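Structure first, commentary second.
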Ligand SMILES: [Zn+2]
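In this note's numbering, the protein residues as written are 347 to 757.
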């Protein structure tokens, strides 16, 4: 018999669920709703009686408590159903490379798509799933969805396992940064949650960047170029001067790693009359964002001062904050996850996310939410892969984590 989590995964990746940044609908694409409705039908068939999708495309369902203790907190498990719009996600042809033997894996639809044996060394003997070379696989995050559904099936079928209320949620539009926008934390009703959207076996991520968006707008003065002498002020040149003053050797994504932050101009809308430069500002310490923003502001004002007649204005929008600020106040959330990973015989690997997750937003919306491994690798690439054995481990960790929360609650 095929492994239940693998069977589900192979079925789910057939759904094209790319989200769409340019769409203003919720969810951003109708195809996500089609997949969500299929998931609801599957959860109902597993006996999760309240499984439903809301108008915004969020699926929620409950596995009722089995424990006699009265104070075991409700905990949640969350995965996102959309895949990255940056890559083709339709007509995915998943390939199971059974009992992997260590060689390079050449994906059949594109001979230049090669997974190196050296990168798969800890997967010898495992069943590795890839796409065929021209599309995403969609392991990010259908591996997480398949793992949560399979854990729900296990818990629903084994009422002798003591646990509190377990809630599950499947969210749309994570890849376009909107996954938390319409998440009803009150309705979810959990003390904490875990996203299943991480990498290799044993990983837990409970620290993310803190993030702001800066929009630096340079205003010039436009005239007909034939009559511009002594009058025109070209905002494009002012902006170029500003960008050239930005740090080059440090404080840039291409020169930093680990716990270092950066400022990063990533898009520019240019015109003679007005040029907007958008920058993202990132640091693990929220307090450090202000220093980086002050630097950007100083350089922008210096550039503007060098071009008489120009002026600059600056807008700062908060994007998300380091989830650790919340999780440090709820140490059980991460500690119980570490315990569950250890009990499943895995070394605990803690990582800092040089980015944000839905969990970063949800943590600050009142739902402390670290990220657990789902076995995903090569996110947003046609070289994405996941192994059956890693997905099965993630299922086991979910079930064990429910037990740990029950055990460690006194009454
Ligand atoms: Zn993801």
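Cβ atoms here follow ideal geometry from the backbone N, Cα and C, with glycine treated the same way. Predicted, not measured: the structure shown is a model, and the values here were computed from it.
For residue i, three-class secondary structure by DSSP
i, result
"residue 536", "coil"
"residue 607", "coil"
"residue 710", "helix"
"residue 592", "coil"
"residue 653", "coil"
"residue 348", "coil"
"residue 746", "helix"
"residue 737", "helix"
"residue 398", "strand"
"residue 659", "strand"
"residue 582", "helix"
"residue 531", "helix"
"residue 356", "helix"
"residue 704", "helix"
"residue 524", "coil"
"residue 575", "coil"
"residue 599", "helix"
"residue 506", "coil"
"residue 587", "helix"
"residue 468", "helix"
Same chain only: Cβ atoms within 7 Å of residue i, ignoring 5 sequence neighbours per side
i, result
"residue 392", "498, 499, 502"
"residue 493", "351, 542, 720, 737, 740, 741, 744"
"residue 449", "463"
"residue 656", "564, 565, 566, 579, 581, 584, 650"
"residue 634", "607"
"residue 413", "508, 509, 510, 752"
"residue 703", "541, 543, 554, 717"
"residue 648", "591"
"residue 724", "730, 731"
"residue 480", "434, 455, 456, 728"
Selected residue, minimal CA-CA separation from residue i, among the options
i, options, result
"residue 673", "538, 663, 593, 581", "538"
"residue 534", "414, 437, 471, 420", "420"
"residue 589", "645, 555, 755, 627", "645"
"residue 760", "508, 713, 557", "Outside the shown range of the chain, which is 347 to 757, sits residue 760, and nothing can be said about it."
"residue 365", "571, 663, 726, 671", "726"
"residue 603", "402, 570, 628", "628"
"residue 360", "373, 440, 398", "440"
"residue 711", "475, 552, 666, 423", "666"
"residue 531", "418, 714, 734", "714"
"residue 410", "403, 394, 596", "394"
"residue 643", "404, 427, 592", "592"
"residue 375", "348, 568, 396, 403", "403"
"residue 661", "652, 695, 626, 687", "626"
"residue 357", "442, 370, 595, 545", "442"
"residue 370", "447, 487, 523", "523"
"residue 512", "637, 397, 699", "397"
Opening and closing residue of the beta strand (DSSP E) in which residue i lies
i, result
"residue 386", "Taken as a continuous stretch (DSSP letters only), residue 386 belongs to no beta strand (DSSP E), being part of the alpha helix (DSSP H) at 376-391."
"residue 673", "Counting along the chain, residue 673 falls outside any beta strand (DSSP E), though it belongs to the alpha helix (DSSP H) covering 670-673."
"residue 512", "512-517"
"residue 696", "695-699"
"residue 425", "421-426"
"residue 408", "405-409"
"residue 418", "No beta strand (DSSP E) contains residue 418, which DSSP labels as neither H nor E."
"residue 760", "In the structure displayed, the chain extends from 347 to 757; residue 760 sits before or after that span and is not available."
Cutoff 6 Å; reference residue i; Cβ partners in own chain excluding five residues on either side
i, result
"residue 689", "746"
"residue 527", "none"
"residue 424", "515, 539, 541"
"residue 709", "669, 672, 715"
"residue 460", "450, 452"
"residue 436", "362"
"residue 521", "365, 428, 430"
Other residues of its chain near residue i: CB distance less than 8 Å, five sequence neighbours each side excluded
i, result
"residue 621", "563, 564, 566, 581, 582, 584, 585, 614, 615"
"residue 416", "757"
"residue 681", "none"
For residue i: DSSP bridge partner residues
i, result
"residue 731", "476, 723"
"residue 638", "According to DSSP, which records beta bridges pairwise, residue 638 is partnered with nothing at all."
"residue 666", "557"
"residue 614", "623"
"residue 628", "557, 608"
"residue 365", "The partner list for residue 365 (beta bridge, DSSP) is empty, contrary to what the question assumes."
"residue 429", "364"
"residue 759", "Shown here, the chain extends from 347 to 757; a query on residue 759 therefore has no answer."
"residue 563", "622, 659"
"residue 451", "461"
Residue range of the alpha helix (DSSP H) that includes residue i
i, result
"residue 683", "677-689"
"residue 494", "485-503"
Proximity test, Cβ basis, 7 Å: residue i and chain B
i, result
"residue 729", "Note that chain B does not occur in the displayed structure, where there is just one protein chain."
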